[in-house]
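Chemist: One structure follows; several queries about it will come next.
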Amino acid sequence: MDTQPAATIDVEPVPASIYELIREDIISGKIGPNERLKVADLAKRYGTSTNPIREALQQLRGEDFVIMEPHRGARVRPIDENFVRDIIEIAALIEPALTRWFVGIATEADIAQLEEIQAEIEALNFSDPNRHGQLDTRFHEVIYDRHYNRHAADLWWRHREVLRAISRRFPTSLSRRVAVLREHHELIEAIRAQDADRAAAVIAAHVEGSGRHIIEHMRLARATGARKPLT
Numbered sequence: 001m002d003t004q005p006a007a008t009i010d011v012e013p014v015p016a017s018i019y020e021l022i023r024e025d026i027i028s029g030k031i032g033p034n035e036r037l038k039v040a041d042l043a044k045r046y047g048t049s050t051n052p053i054r055e056a057l058q059q060l061r062g063e064d065f066v067i068m069e070p071h072r073g074a075r076v077r078p079i080d081e082n083f084v085r086d087i088i089e090i091a092a093l094i095e096p097a098l099t100r101w102f103v104g105i106a107t108e109a110d111i112a113q114l115e116e117i118q119a120e121i122e123a124l125n126f127s128d129p130n131r132h133g134q135l136d137t138r139f140h141e142v143i144y145d146r147h148y149n150r151h152a153a154d155l156w157w158r159h160r161e162v163l164r165a166i167s168r169r170f171p172t173s174l175s176r177r178v179a180v181l182r183e184h185h186e187l188i189e190a191i192r193a194q195d196a197d198r199a200a201a202v203i204a205a206h207v208e209g210s211g212r213h214i215i216e217h218m219r220l221a222r223a224t225g226a227r228k229p230l231t
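Numbering (full-length UniProt numbering) for the sequence shown: 1 to 231.
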């Protein structure tokens, strides 16, 4: 895997329909690891002109999905354990900081909203992965969305969407389901108690547990050639 960091790219966001379609095809494996990304071919594939494709590739390069090499063009960065590990390590730094700040401003209404979303998560009981992902994102948005550092909050959102897309390839193990529900409850109680240190520690464990779960599934899939659930 090429470990050189991607350069910071200052480009305007492109229409989500093009950028997200390419990103989703990379994450899902429809566009394979190290596959060359030819602008003309992608424009034909997605039924658009070449300019939105070029802009999307620049954006994907900035997010480290795409590698661009002199005289060789663009290719897909492999979405492997190292890729997920890097995202999780960043999240483990950002999310506790965002959570710690939230504890200082949280109101009873905020706590009630977290409890309401958590009740919906428990009632769903992981029966609909897409719906669970939406509810889980809402839960964390309550905590992160009002933070003054929009760059940090936006980075969390971007990485969140990447991990959610990757995790859709795998089932959620029973042990991870139990951990998610327990950690959410512990987080709510720490916020209610205005214990910023405890809340930050809970969210750090939550992030690391999610990362481990995805990486273990990826390793199992690579080792067996099949996507078998963990027990």
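Built from N, CA and C at the ideal position, the CB exists for glycine as well.
Would you identify the three-state DSSP class for residue 74, choosing helix, strand or coil?
Modeler: Looking at residue 74 - three-state DSSP - the assignment turns out to be strand.
Chemist: Could you check whether residue 85 and residue 211 sit closer than 8 Å to each other, using their CB atoms as the reference points?
Modeler: Yes, Cβ-Cβ distance for residue 211 and residue 85 is below 8 Å.
Chemist: CB-CB under 7 Å to residue 43, same chain, minus the five flanking residues each way: which ones, in chain order?
Modeler: Excluding sequence neighbours, residue 43 sits near 49, 50, 53.
Chemist: Report the three-state DSSP secondary structure of residue 67 (helix, strand or coil).
Modeler: Strand, per DSSP.
Chemist: Taking residue 73 as the reference, give the member of 82, 83, 80, 61 with the closest Cα.
Modeler: Considering only alpha carbons, the answer is 61.
Chemist: Could you check what DSSP says for residue 36 in three-state terms: helix, strand or coil?
Modeler: If DSSP states are grouped into helix, strand and coil, residue 36 belongs with the strands.
Chemist: Flag this pair as yes or no: are the beta carbons of residue 122 and residue 181 separated by less than 8 Å?
Modeler: Yes, the pair counts as a contact, with Cβ atoms nearer than the cut-off.
Chemist: Residue ranges of each beta strand (DSSP E) run of no fewer than 3 residues wholly in the segment 58-139, ordered along the chain?
Modeler: Correct list: 66-69, 73-76.
Chemist: Since I believe residue 119 is in contact with residue 207 (beta carbons under 8 Å), could you give me their beta-carbon distance rounded to a whole number of angstroms?
Modeler: Not quite, the Cβ-Cβ distance comes to about 23 Å (not below 8 Å), so this is no contact.
Chemist: Less than 7 Å between C-beta atoms, sequence neighbours within five positions excluded: which residues of the same chain meet that for residue 190?
Modeler: Closer than 7 Å at the Cβ level, and outside the excluded window around residue 190, lie 198, 199, 202.
Chemist: Buried or exposed: residue 99, going by 16 or more other Cβ atoms within 10 Å of its Cβ?
Modeler: By the neighbour-count rule (16 or more Cβ atoms within 10 Å), residue 99 is buried.
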